[in-house]
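With the working numbering applied, the sequence shown closes on residue 581, and no number is skipped along the way. Here a beta-carbon is modelled for each residue, glycine too, at the ideal position from N, C-alpha and C. First the structure, in the form of structure tokens, and then the observations on it.
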Amino acid sequence: MLIPAARRCLRHALDVLVPMHAERRFLMERRDAKGRAEPVFTLFDHALLSVRLTELSGSPRFVNSVLGLADASAIATSRGLRWRFSPAVDDVPPDADTTGLVLLAADLASGYGDPSGAALRAATPIAGFAEGRSGGAVDTWFGRRVEPEIDPVVNLHVAELLLRVAPGSRLLVGVLEYLGAFLRHHDFASAPSAFYLDSSLLIEQVARLECRGPGRFDPAALRRVDEFVDGCEPTCPLQSARLALAAGLRGRVHAARRLRERVLEFRQPDGLWPFARFYVQRTPHYAYGSRLCTTLAAVLALRDDARVAP
């Protein structure tokens, strides 16, 4: 059951989130090492937030907004279309994370009957993700090598796409094998990669994928995830929200309630949640996040029904 106090804030938060999307671009904040902030647009964040809002609301309006932006910024290659983290950044190659999320948005839009979503998916064969595979994992970057080459969170986003569009593929099997090995040995109290400095998004994605199809990960790895969620004491609102959602998806009732109460403690007087670091850029150093991103994570954690879209 939802904490009673959560009911009072969910509607308000959604009333804010939906108009923010009406401008067709979710903006993130980029903060430098001195805390100076500027608004930026990234296709990666817009696609991810749009997919989650579509799952939450059941409305295709959010993923539909991704399609026009993606069509205008697509990079044509011999293996299909590719996308960069941000259309305004041309000094890095396209990446599997952004490309996978754009294709996930396109597939969701196609499911709601949007022909442009189906066309976008058809222009990007899933086999193209096999490019540069290392030990079963999908490399982060297409084309030239940029460190880090392999990221578990990127592979979890790619796995989410593959579970929808290619559930029996050898590519998915290889990605899940890599992720299973990573989960058996990863210290969840530490950073899973150079981009994501805590394991909360990793844990949320594992719970999300396992909810969509039990048996994706071996029981030993999932026990380690559950033990961490049961005992964790998150110190920031975004981390708290992700772990609360994971606890709900994993059926960890007491942990879910405790973590939801922690999420509510971070709610601000205007009914939203504060900026929290989502991921980082190393050189030069920037932290990316937004109140929108944190608030959406909180809404997902506090809603009555923790199931995810099939």
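>> Quick check on DSSP: helix, strand or coil for I421?
In response: In the structure shown, I421 sits in coil (DSSP, three-state: anything other than H, G, I, E or B).
>> Could you tell me the alpha carbon to alpha carbon distance between D366 and S349, rounded to whole angstroms?
In response: About 15 Å.
>> With three or more C-beta pairs closer than 8 Å as the rule, is the stretch 484-493 touching the stretch 503-511?
In response: Per the Cβ contact rule, the stretch 503-511 is not in contact with the stretch 484-493 (fewer than 3 Cβ pairs under 8 Å).
>> With H, G and I counted as helix, E and B as strand and the rest as coil, what does DSSP make of G519?
In response: Residue state for G519 is assigned as helix, using DSSP reduced to three classes.
> Residues in its own chain within less than 6 Å of L427 by CB, not counting five upstream and five downstream?
Replying inline: Setting aside the 5 residues that flank it on each side, L427 is surrounded in the same chain by Q476, each with a C-beta closer than 6 Å to its C-beta; the list follows chain order.
> Roughly how many whole angstroms lie between the Cα atoms of A380 and L391?
Replying inline: Spanning the two alpha carbons is a distance of roughly 10 Å.
> Rounded to a whole number of angstroms, what is the C-alpha to C-alpha distance between A345 and F488?
Replying inline: Whole-angstrom Cα-Cα distance: 33 Å.
>> On the DSSP letters alone, give me the boundaries of the alpha helix (DSSP H) that G351 sits inside.
In response: Counting along the chain, G351 falls outside any alpha helix (DSSP H), though it belongs to the beta strand (DSSP E) covering 351-353.
> Do the stretch 440-450 and the stretch 460-468 meet, that is, are 3 or more Cβ pairs less than 8 Å apart?
Replying inline: Result no; under three Cβ-Cβ pairs closer than 8 Å.
>> Just to check my reading of the structure: V500 and A517 have Cβ atoms closer than 8 Å, yes? What is that Cβ distance to the nearest angstrom?
In response: Contact between V500 and A517 is confirmed by a C-beta separation of about 6 Å, below the 8 Å threshold.
> Given A308, which residues of its chain have a CB within under 6 Å of its CB, disregarding the five upstream and five downstream residues?
Replying inline: Result list for A308: E300, R302, in chain order.
> Since L298 is in the beta strand (DSSP E), which residue starts that stretch and which ends it?
Replying inline: Here the beta strand (DSSP E) through L298 covers 298-303.
>> Excluding the 5 residues flanking I474 on each side, which residues of the same chain have their C-beta closer than 8 Å to its C-beta?
In response: Hits under 8 Å: F459, V496, F499, V500, R513, L514, A517.
> Whose C-alpha, out of L472, Y467, V570, A401, is nearest the C-alpha of A437?
Replying inline: For A437, the closest alpha carbon among the candidates L472, Y467, V570, A401 is that of A401.
> Does DSSP put E431 in a helix, in a strand, or in coil?
Replying inline: If DSSP states are grouped into helix, strand and coil, E431 belongs with the helices.
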